[in-house]
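Enquirer:
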Amino acid sequence: MSEIELIARLLLSAALGSLIGLERELAQKIAGLRTHSLVCFGACLFTVTSIYYFSADPARIASAIVAGIGFIGAGAIIAQREHIQGVTTAASLWGVAGIGLVIGVGGYLVGLAATVIALVILGSRRLEKSKP
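For the sequence shown, our numbering begins at 1 and goes up steadily by one.
#1: Following the continuous beta strand (DSSP E) through Ile78, name the residue where it begins and the one where it ends.
#2: With a threshold of 16 other CB atoms inside 10 Å of the CB of Ile61, please say whether the residue is buried or exposed.
#3: Just to confirm my understanding: we take Ile69, look at its own chain, exclude 5 residues before and 5 after, and list those with CB closer than 8 Å. What are they?
#4: Can you grab the Cα-Cα spacing for the pair Ala64 / Asp57, in whole Å?
#5: Is it buried or exposed for Ser55, if we count other Cβ within 10 angstroms and need 16 for buried?
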């Protein structure tokens with residue numbers, strides 16, 4: 001595997017994370033374009049590093065990424081008495097970490113499909129609010 005292809009994976013993961021982050025940014029949520037892009041990029045970077053530069057078990061790295069994202073997601077959730085906000089943003093951060101992981105192992109089409117699915121799900125918020 002050439003370093004050019006590894007760099008392409010990193011760039012693609014940052015771009016796909018940015019698309020989801022842009023939706024969150026436009027919805028004026030706490031974590032936006034940069035955060036989602038960095039989470040997706042970071043997950044891809046850790047995955048690529050574990051597979052191609054160390055002899056570590058990639059599944060262990062993946063599980064560590066998922067656990068770490070849980071802490072970031074928890075920081076995005078704000079609870080005030082009976083009102084909780086940030087759950088969808090926390091879930092989107094978890095999702096972009098998964099996208100970064102799959103891009104890191106070379107699953108370009110799956111990563112792209114997951115991004116489209118996430119954008120459709122996030123866009124469905126507008127449909128929910130437009131109900132009478």
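Where a beta carbon is used, it is the ideal one built from N, C-alpha and C, also for glycine.
Expert: So, from the listed chains and residues:
#1: 78-80 is the span of the beta strand (DSSP E), which, as asked, contains Ile78.
#2: buried
#3: Val39, Ala43, Leu93, Trp94, Ala97
#4: 11 Å
#5: exposed
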